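Presented below is the structure to which this report refers.
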Amino acid sequence: GENVEQHPSTLSVQEGDSAVIKCTYSDSASNYFPWYKQELGKRPQLIIDIRSNVGEKKDQRIAVTLNKTAKHFSLHITETQPEDSAVYFCAASYGGGADGLTFGKGTHLIIQP
Amino acid sequence: SAVISQKPSRDICQRGTSLTIQCQVDSQVTMMFWYRQQPGQSLTLIATANQGSEATYESGFVIDKFPISRPNLTFSTLTVSNMSPEDSSIYLCSVADGELFFGEGSRLTVL
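Residue numbers (the numbering used here), protein chains in the order written: chain H, 64 to 176; chain D, 10 to 120.
This is the structure:
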């Protein structure tokens, strides 16, 4: 089955700086890669996703890049703000959709004022 | 986007008992899932709840421990049977409707 590795487990950045979280996956058949944000005590919420037919996707301060050859994908957050503090999970699926997602272990992002 | 109602939101249970968690969606969805999130951990898929047939369980999860019902396209239940402290977790119902949406979760503490 699919295995998703996520690094780092904790990331502390100064407010206004950029944050990068990296994930690798094992199954070359995987073709859908979402990122979820989970604030303390709340449900995970999708912030951005990418499919294997594109290499990069951007939504305001958030971007995701995908390298299919190397089987890794990354989340980039620019101009970080205090409300970006949360746990971020990457995931992968070979169904082309959201079914059967395998999640990474999560990254606790801390934005220092 | 799908709106998912889950209950109970939290419960404290005694060892050896069973608890059923309910999940209601505001629209008909084909794919419903149950995930477990142990304290401070990631999300692990327990099973896919199939309407009109038995659930499909992931490796490490069995029907006797986590029986699931899916009587229609808007509702599902997950039962955690014969609970032990190791079952203390957040159990999340989710639906695939273009993306994966999660319920608020049911936080179970087993004493």
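We put the beta carbon where it would ideally sit given N, CA and C, even for glycine. Bear in mind that the values here come from a model prediction, so they are computed numbers and not experimental data.
{"Query": "Nearest to D/S85 (by Cα), restricted to the options D/T29, D/S18, D/I21", "Result": "D/T29"}
{"Query": "8 angstroms Cβ cutoff, H/P71 in contact with chain D", "Result": "no"}
{"Query": "Local Cβ density within 10 Å of D/I21, reported as buried at 16 or more and exposed below that", "Result": "exposed"}
{"Query": "Where H/D80 sits in the DSSP three-state scheme", "Result": "coil"}
{"Query": "Residue from H/Y157, H/S75, H/K168, H/I174 with nearest C-alpha to H/S221", "Result": "Chain H is shown only over 64 to 176; residue 221 of chain H falls outside these bounds and no answer can be derived."}
{"Query": "Residue range of the unbroken beta strand (DSSP E) whose run includes H/A126", "Result": "125-130"}
{"Query": "Short Cβ contact (8 angstroms threshold) for D/L120 with D/R24", "Result": "yes"}
{"Query": "C-alpha distance - D/R79 paired with D/M41, whole-angstrom precision", "Result": "9 angstroms"}
{"Query": "Chain H contacts made by the segment 68-102 of chain D, where a contact means CB separation under 8 angstroms", "Result": "S68, L101"}
{"Query": "Chain D within 8 angstroms of H/R124, Cβ atoms only", "Result": "no"}
{"Query": "Proximal chain H residues relative to D/G112, where beta-carbon distance stays under 9 angstroms", "Result": "R106"}
{"Query": "Chain H residues whose Cβ lies nearer than 8 angstroms to that of D/S51", "Result": "F152, F166, G167, K168, G169"}
{"Query": "Per-residue contacts from H/G163 into chain B (C-beta, under 8 angstroms)", "Result": "Considering every chain present, this structure includes no chain B. Its protein chains are H and D."}
{"Query": "D/I72 to H/A155 span [Cα, whole Å]", "Result": "25 angstroms"}
{"Query": "Where the beta strand (DSSP E) containing H/K120 begins and where it ends", "Result": "119-122"}
{"Query": "Short Cβ contact (8 angstroms threshold) for D/Q46 with D/L101", "Result": "yes"}
{"Query": "D/I55 versus D/Y44 - alpha carbon distance", "Result": "5 angstroms"}
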